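Here is the structure we will look at, set down as structure tokens.
Numbering (this note's numbering), first residue to last: 25 to 610.
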């Protein structure tokens with residue numbers, strides 16, 4: 025046999041790309057590998073031991089299928105691409121995530137997948153629950169909230185809410201971020217694993233969580249319905265309502281599920297209950313429904329049994345790992361606290377050192393200033409002594425000046441008293457003139473009244489004379505009597521030859537009255553002028569006294585006499601106003 029014949033033939037391989045929720049991996053697989061071989065390789069690579077929840081899904085035509093573990097990979101309807109693409113996803117969902125999910129990697133993969141389904145609106149979630157779930161997702165990604173680090177806008181690049189929720193309310197991204205951050209700030213001291221578990225505990229209560237939906241018909245008349253398969257059983261929905269099932273068949277109440285080409289038959293455990301049949305037109309979808317029913321039913325029965333040795337070991341290890349991590353977190357928190365306290369103490373010491381250095385520098389500067397101040401004070405003491413002598417001399421001079429000013433002030437007070445007396449006399453004179461002017465005004469009013477009465481009497485006399493003349497003239501003409509005399513016996517009456525009578529009254533009384541008024545007016549003007557001259561002289565004397573008082577106030581700090589009395593403006597001008605009123609009346 026030749027050497028070449030001894031060489032082992034290299035097995036034929038094909039390329040596979042597997043995408044998990046947070047990573048992508050490529051493998052080189054042998055042609056003879058079954059689905060289980062590839063699945064186990066992926067689980068070993070990512071460190072997953074809870075393999076019964078997951079599967080490898082691939083796309084075929086217009087639907088998807090799960091890689092069968094007991095059949096060769098290339099013998100299944102996988103894509104013919106190179107590399108062949110598979111998605112490592114959760115195929116079955118637990119009833120209670122807190123009790124069934126043991127490993128952190130399992131929990132993390134479920135968290136990522138459920139989060140994506142909520143954001144893609146494959147699972148309906150209310151706006152309030154969406155905001156709460158988003159806050160736990162932020163806690164799992166960023167850790168504890170720190171306002172100094174997590175500034176406004178730090179969530180701008182993260183997809184946290186379904187588009188349906190964003191479109192439902194007229195709110196800006198900043199407003200949504202503010203709401204999420206308010207919840208996020210309350211999740212302090214929660215680790216990433218705990219935040220993801222809280223997320224899943226809220227999500228598992230949503231109506232569409234873990235449900236796989238398929239279009240079916242109930243009978244030959246093609247009544248369209250939806251079949252939902254989940255961890256608790258089978259559910260029948262209306263096509264437009266995936267939240268509330270019309271009918272449900274829990275796994276505990278199902279005796280048998282039979283499948284024949286396009287027809288499914290659900291036989292309840294209670295034989296009195298009617299058998300439910302439904303139809304599905306696609307053979308590939310029917311096989312998928314059957315796989316999900318078998319897998320979910322097996323897990324349902326497995327949960328009701330005692331855990332296997334492997335699961336018990338996994339739970340014990342997980343418990344120990346959680347306890348160890350908890351201790352590590354406590355130690356880390358304590359070390360962090362001690363480090364923060366040490367840093368604060370260091371900062372305090374540095375601040376205290378800087379403070380002491382500043383105090384020492386300031387003390388040195390104060391010492392230098394005090395030495396300089398001592399020299400200056402010695403010089404100032406000498407100068408102050410000389411100034412004291414000078415001030416004593418000036419004080420003696422000031423005392424003499426004060427005594428002289430006191431004598432002057434006494435003289436000024438006497439002069440002021442005399443001026444006040446003159447002012448009072450002038451005011452009394454002004455009051456008398458006002459009274460005289462008022463009296464003259466009254467006399468002028470009486471004269472005017474007498475004058476008006478005289479004019480009225482004259483007018484009445486003329487009217488009466490005319491009336492007498494008109495009655496007596498015809499008689500005189502008839503008897504041709506001579507005209508009456510017009511001499512001194514009747515000076516006020518004259519009758520001309522034309523038949524008219526002329527009246528001539530003497531104005532001696534009026535002239536005499538006017539002359540008396542004019543004489544009194546001249547006398548009053550002379551008195552007013554004399555009074556005005558006296559007032560001007562008195563004003564000039566008051567101004568000079570004020571000037572002297574101001575000069576004396578510059579020497580004394582207080583005034584030695586009172587202000588001159590104030591003369592009301594009405595009294596000063598009352599005489600002049602009375603005079604003008606008298607002229608107008610005349």
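Using N, Cα and C, we set each Cβ at its ideal position, and we do this for glycine too.
Just so we're clear, the structure is a prediction, and the values are computed from it rather than from any experiment.
Residue nearest to residue 134 in terms of C-alpha spacing, selected from 122, 114, 365 and 84: 114
Can you name, in chain order, every residue of its own chain whose Cβ lies under 7 Å from the Cβ of residue 168, other than the five neighbours on each side? 212 and 213
Reference residue 55, options 461, 40 and 180, closest by Cα: 40
Helix or strand or just coil, what does DSSP make of residue 279? strand
Should residue 299 and residue 291 be called a contact, given that it needs their Cβ atoms to be closer than 8 Å? yes
Skipping 5 residues on each side, what residues in its chain have a beta carbon closer than 7 Å to that of residue 73? 127 and 338
Kindly confirm or deny that the stretch 180-191 and the stretch 226-233 touch, where touching means at least three C-beta pairs closer than 8 Å. Judged by pairs of C-beta atoms under 8 Å, the stretch 180-191 does not touch the stretch 226-233, as fewer than three such pairs exist.
Contact belief for residue 227 with residue 324 at Cβ below 8 Å, rounded distance in angstroms: 20 Å between Cβ atoms; not a contact.
C-beta atoms of residue 42 and residue 148 nearer than 8 Å: no
CA-CA distance, residue 85 and residue 311? 15 Å
Between which two residues does the beta strand (DSSP E) carrying residue 53 extend? 48-54
Residue nearest to residue 436 in terms of C-alpha spacing, selected from 302, 57 and 565: 565
Counting Cβ pairs closer than 8 Å, one from the stretch 457-475 and one from the stretch 533-547, do we hit at least three? yes
Which full runs of the beta strand (DSSP E) of 3+ residues lie inside the stretch 74-125, going along the chain? 78-84, 87-90 and 108-114
Buried or exposed: which applies to residue 320, given that a residue is buried once 16 or more other Cβ atoms fall within 10 Å of its Cβ? buried
With C-beta atoms as the reference, is residue 258 less than 8 Å away from residue 240? no
From this set, 202, 329, 136 and 405, which residue's C-alpha is nearest residue 124's C-alpha? The option with the nearest alpha carbon to residue 124 is 329.
With 16 as the cutoff for other CB atoms within 10 Å, does residue 199 come out buried or exposed? Burial is judged here by how many other beta carbons sit within 10 angstroms of a residue's own beta carbon; residue 199 has fewer than 16 and is exposed.
Measure the alpha-carbon distance for residue 517 versus residue 453 and round it to whole angstroms. Note that residue 517 has pLDDT 37, beneath the 50 cutoff, so the model's placement of it is unreliable and the number below is only indicative. Approximately 52 Å, taken between the alpha carbons.
Alpha carbon to alpha carbon, what distance is there between residue 474 and residue 559? 37 Å
Would the beta-carbon of residue 83 fall within 8 Å of that of residue 107? A distance of 8 Å or more separates the beta carbons of residue 83 and residue 107.
Out of curiosity, what's the CA-to-CA distance linking residue 659 and residue 170? Absent from the model: residue 659. The displayed extent of the chain is 25 to 610, so no value can be given.
Inspect the CB distances between the stretch 339-350 and the stretch 276-283 and report whether three or more fall short of 8 Å. no
Could you give the first and the last residue of the continuous alpha helix (DSSP H) run that contains residue 36? Run containing residue 36: none; DSSP gives neither H nor E here.
Do you know how far the Cα of residue 220 is from the Cα of residue 151? 19 Å
Would you kindly work out how many angstroms separate the C-alpha atoms of residue 449 and residue 552, rounded to a whole number? 15 Å
Can you tell me which of the three DSSP states residue 274 falls into? strand
Take the Cβ of residue 405 as the centre, count every other Cβ of all protein chains shown within 10 Å, and call the residue buried at 16 or more, exposed below. exposed
Considering only the alpha carbon of each residue, which of 273, 303, 302 and 301 lies closest to residue 293? 273
Report the option in 130, 264 and 89 whose CA atom is closest to the CA atom of residue 71. 130
6 Å Cβ shell around residue 117 - same chain, five flanking residues per side excluded: 234 and 255
Given a cut-off of 8 Å on the beta-carbon distance, is the pair residue 156 and residue 76 in contact? no
With 16 other Cβ atoms within 10 Å as the buried cut-off, status of residue 138: buried
In three-state terms, what does DSSP make of residue 42? If DSSP states are grouped into helix, strand and coil, residue 42 belongs with the strands.
Helix, strand or coil at residue 234 according to DSSP, with G and I counted as helix: coil
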